[in-house]
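Here my numbering is used: the first residue of the sequence shown is 3, the next is one more, and so on. Backbone N, C-alpha and C fix where the C-beta goes; we use that ideal spot for every residue, glycine too. Model, not experiment: these values are computed from the prediction. Worksheet: the structure to be examined is printed underneath.
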Amino acid sequence: MKPLRIGNFSGFYGDRSAALREMLTGGEVDVLTGDYLAELTMLILARDRLKDPSAGYARTFPRQLEDCLGLARERGVRIVTNAGGLDPAGLAGEIRRLADRLGIPVRVAHVEGDDLTAAHPGTLAAHAYLGGFGITECLRAGADVVVTGRVTDAALVTGPAAAHFGWRPDDHDALAGAVVAGHVLECGTQATGGNYAFFTEGDVRRPGFPLAEIHADGSSVITKHPGTGGFVDVGTVTAQLLYETGGARYAGPDVTARLDTVRLGPEGPDRVRIEGVRGEAPPPTLKVGLNRLGGFRNEVVFVLTGLGIEAKAALVREQLADALAKSPPREVRWELVRTDRADADTEETASALLRLVVRDPDQRVVGRALSGAAVELALASYPGFHVLAPPGKGAPYGVFEEVYVPYVGAAHVAVLHDGRRIPVPPPQETRPLAAVPDPPLPEPLPPGPTRRVPLGLVVGARSGDKGGNANVGVWARSEDAWRWLAHTLTADAFRRLIPESRDLPVTRHLLPNLRAVNFVVEGILGAGVAAQARFDPQAKALGEWLRSRHLDIPEALL
């Protein structure tokens, strides 16, 4: 059977608006998927909906579709997207009105049942991560456009693949292969050289969006349209496979994919084959993401220039102590960021940043009183006093939490283009998640001379967020480098290299087929990205920081 060509045109809410047209005109494709949702996006949409009850979906998608709906219809390309956010029915209705206005006959269906907000009082949004079989039902009934709310990112691929190949819920290996392909596609150009550790090896000024050629057994080839920017190789695919994952079991509502069974191999220029993926029955419960307001946050960044940086920082902290003591915020954090250098030839490079962040449930506690106290120091503090921006009255911040509920807690329904409602049953077979025992380590490299250099000279890394946790996937590009990496970069070594993690649980997972180790750092992001608990709140650059740290590396690898 001919493979199903599934492409991606959006990896997040705000991605390249021209990508839909680029994917439709750049080459052959059967289905295009758009991923707009992240934990933070759900909170943004929920806050938008507080101001406007009709504002629960990605407003940019209809604008993209207006330019391309006729072209997609003409070329027989189906579009599947989670741009429905908190209101998939509302977006489906807008698309129908758009199609009527343009005179384009398209069948629009949507998937619902993920919204569990009513069952979780105190949340702005509580949504279950549904699987792909609602999408499957919509496509099997003839939909041209399928809109969903919160589904797993990979469901945008498993749904169309199951519809095309006739997979059943117990076709675990095939579904797992599609999950892996979907995970590679979901972040768009991150699979084609974007945000890639070795980005200098190709032209990534404007990477093309990725495609997966999926076969009936679930194996796939990751590629891109000819002539588009960026590049696809085993490294770019490995990087995206490790992104925002944990151990060897990658669980979802359709299937648990075994990442330790994934095999990658080159299949010509800009083509990487994924095969060998094994699947297991999904876990017995469904993940639900809870978004709520955590309180209010305020920030002041003082610029300290020239000599006596430490003394200047100490003076500011002492001067603001009284203001903070009068009505103490629940959380006070000071950070001195030493961006300064000695004998600098610009004022900016002679300056350090002292950041004060406060949080409290009461906006007044973090608001004008604190801001006023900071501003009043303007003529009464350290020499050269100024701040990056005037402090405000305090802004709300969000908190993300995940809980797990029985499948029956979410009424997964496919609402077809003709209005029929098809319930999607929960999986008949489930399997509790359990950690996979670590495989045996490879043979260590023989002793030899070493040189103290950055880790990134011999390994790549990609990092990301999952709620309050971060993951850092690190992979080697040769067998010898893998042998060294597996023995050297232990969880304890990671803690030494990343001091923020020293008092946190750090778990290392070995993935020999990918020549990779994946670290999960629990709690490093506090209550999630919306809480802005650290300088890099989504841990996007945590892997690059790790690569910049120096280790004694065998000269044979350099």
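Query	Result
Mark F537 as exposed unless 16 or more other C-beta atoms lie within 10 angstroms of its C-beta, in which case mark it buried.	exposed
When the distance is taken between beta carbons, is I224 closer than 8 Å to V239?	yes
Say the cut is 7 Å; is the CB of L443 nearer than that to a heavy atom of the ligand NAP?	Absent from the structure shown: the ligand NAP. Ligands present: none.
Decide if the segment 172–192 is in contact with the segment 436–456; the criterion is three or more beta carbon pairs, one per stretch, under 8 Å apart.	no
Residues in its own chain within less than 6 Å of H388 by CB, not counting five upstream and five downstream?	V305
Indicate the three-state DSSP secondary structure (helix, strand or coil) for D69 in the structure shown.	helix
Is the distance from the Cβ of P268 to the Cβ of L447 below 8 Å?	no
Does the segment 348–368 touch the segment 331–340, meaning 3 or more C-beta pairs lie closer than 8 Å?	yes
Comparing alpha-carbon positions, which option in L459, V476 and A94 lies nearest D554?	L459
Between the beta-carbon of D50 and the beta-carbon of A60, is there less than 8 Å?	no
Who are W336's beta bridge partners in DSSP?	L358
Compare the C-alpha of R280 against each of Y384, T287 and A250 and name the closest.	A250
Tell me the DSSP bridge mates of V206?	In the DSSP output, where bridge partners are listed per residue, V206 has none listed.
Roughly how many whole angstroms lie between the Cα atoms of L322 and E349?	25 Å
Who pairs with H129 in a beta bridge, going by DSSP?	D117 and G291
Is the number of C-beta pairs between the segment 75–82 and the segment 21–38 that are closer than 8 Å three or more?	yes
Which runs of the beta strand (DSSP E), 3 residues or longer, sit entirely within the segment 244–305?	251–253, 258–260, 265–268, 274–277 and 280–282
In chain order, what residues of the same chain have a beta carbon less than 8 Å from the beta carbon of T119, not counting five sequence neighbours either side?	T125, L126, A127, A128 and H129
Within the continuous alpha helix (DSSP H) that includes H174, where are the two ends?	H174 to L187
What are the start and end residues of the beta strand (DSSP E) that includes W484?	Unbroken run through W484 is the alpha helix (DSSP H), E481 to T490; no beta strand (DSSP E).
Just checking my contact of V461 with F521 at CB under 8 Å: how many whole Å lie between their CB atoms?	Actually they are not in contact, since the Cβ atoms of V461 and F521 sit about 12 Å apart, beyond 8 Å.
Taking 8 Å as the cut-off, decide whether the C-beta atoms of R361 and R319 are in contact.	no
For L516, which residues of its own chain have a beta-carbon under 8 Å away from its beta-carbon, when the five flanking residues on both sides are left out?	T240, L243, L244, L261, V264, L266 and W477
Could you pull the DSSP bridge partners for V461 from this structure?	A478
I'd like to confirm the pairing. Which residues does DSSP put opposite E215 in its beta bridges?	R7 and V223
Under 7 Å Cβ to Cβ from C189, same chain only, skipping five residues before and after it: list those, please.	G13, Q242 and Y245
List the whole-angstrom C-beta distance separating V415 from V407, where the pair is believed to meet the contact cut-off of C-beta under 8 Å.	Not confirmed; about 17 Å, so no contact.
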